[in-house]
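Below is one structure, written out as structure tokens; comments come after it.
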Amino acid sequence: MADSREHAFAGTRGGVTAREWPREGARYVALLVHGYGEHIGRYEHVAHALVGHGAAVFGPDHMGHGRSAGERVMIEDFEDVVTDVRAVEELARAAYPGLPVVLIGHSMGGLVAARYAQRYGAGLAALVLSGPVIGDWKAVRALLAPPEVPEVPLDPKLLSRDPSVGAAYANDPQVWHGPFKRPTLEAFARTLEAVSAHGSVGALPLLWVHGDDDRIVPPAGTRTGVEELRGAVWAERLYPGARHEVFNETNRDEVLSDVLEFVDGVLAG
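Using full-length UniProt numbering, you'd call the opening residue of the sequence shown number 1 and step up by one each time.
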């Protein structure tokens with residue numbers, strides 16, 4: 001795997017740790033935005049593929065996640081997470097001035113990346129969303145409906161058809177294995193509305209990748225959000241039988257190849 005190093009900085013609500021996978025002679029910068037309850041270390045193989053493709057790669061652990069500070073999985077305002085990702089982009093631009101920046105977000109990270117593109121998309125070259133929580137995500141309404149949030153931790157079997165992915169997730173001490181917290185769910189609901197209200201990313205090229213057997217973030221609900229978000233240049237890849245984490249699926253090589261091909265098209269055009 002590619003070498004990496006850590007950076008630490010003062011985030012909006014405490015210290016944030018980010019990882020860099022450097023690339024000498026990089027063609028572009030890839031900014032990775034991880035999902036709920038996990039950490040950027042789970043994207044080592046994605047970063048390795050991107051570095052091999054010519055990218056310098058950066059990605060933070062969000063507040064309350066991984067090696068960053070904060071109560072575990074507590075996010076009261078996703079706008080703060082967007083602001084922290086912006087600080088990582090600025091760090092990357094200082095290290096690799098003048099290079100195009102591609103933003104890649106998965107699941108909750110797709111929600112963050114979508115909102116980021118609405119706020120800062122003018123400085124991006126492309127946006128890639130993997131199983132993003134945008135559009136009509138019925139789970140958030142179901143979890144917020146009762147007086148007490150149900151204790152329904154994520155089932156690792158829903159991540160991938162590859163059983164080793166679920167096993168690694170279940171045994172990862174940096175992954176949150178407990179229930180959702182109400183303030184975080186309320187922040188999800190507000191940000192889903194904000195992304196919908198702010199509309200299209202305009203000329204920013206968008207690639208949407210999703211497993212068609214994703215039961216955590218069903219693609220039918222996401223499609224509503226993609227239709228609101230996309231501009232004139234966009235593409236989708238829906239993978240038959242794939243579950244939530246398409247970068248960790250049995251056809252992960254196909255998924256990564258599709259992302260790299262999309263990036264090549266953007267950089268060439």
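Idealized CB from N, CA, C, for every residue including glycine.
- Residue 7 and residue 31 have their C-alpha atoms some 14 Å from each other.
- Sorting 54, 48, 159, 11 by C-alpha distance to the C-alpha of residue 267 places 54 at the top.
- The straight-line gap separating the alpha-carbon atoms of residue 116 and residue 194 is approximately 11 Å.
- Inclusion of residue 14 and residue 33 in the CB contact set at 8 Å is not warranted, their separation being larger than that value.
- Counting other Cβ atoms within 10 Å of its Cβ, residue 160 reaches 16 or more and is therefore classed as buried.
- In this structure, the beta-carbon distance from residue 129 to residue 110 falls below 8 Å.
- For residue 130, the pairing in a beta bridge is given by DSSP as 106, 209.
- Sequence-distant Cβ neighbours of residue 256 in its own chain, meaning closer than 8 Å and more than five residues away, are 46, 49, 247.
- Buried is the label assigned to residue 218, since at least 16 other Cβ atoms lie within 10 Å of its Cβ.
- For residue 240 and residue 213, the gap between their C-alpha atoms comes out near 7 Å.
- If you draw a straight line from the Cα of residue 119 to the Cα of residue 132, it is about 17 Å long.
- In the structure shown, residue 6 adopts extended strand secondary structure according to DSSP, grouped into three states.
- Look at residue 233 here: in three-state DSSP terms it is coil, with no helix or strand label.
- Measuring C-alpha to C-alpha distances from residue 40 to each of 17, 28, 26, 210 identifies 17 as the nearest.
- Non-local C-beta neighbours of residue 88 in its own chain, meaning closer than 6 Å and more than five positions away in sequence, comprise 18, 58, 60, ordered along the chain.
- Here the alpha carbons of residue 176 and residue 167 stand approximately 14 Å from one another.
- Closest by C-alpha distance to residue 140, out of 251, 92, 182, is 182.
- For residue 58, the enclosing beta strand (DSSP E) stretches over residues 55 to 60.
- Residue 20 carries a strand assignment under DSSP once its states are collapsed to helix, strand and coil.
- Within its own chain, the residues whose Cβ lies closer than 6 Å to the Cβ of residue 62, once the five positions on either side in sequence are excluded, are 81, listed in chain order.
- Looking from the CA of residue 144, the closest CA among 11, 113, 179, 236 belongs to 179.
- Closest in C-alpha terms to residue 67, from the list 56, 42, 79, 76, comes 42.
- Per DSSP, the beta-bridge partners of residue 101 are 29.
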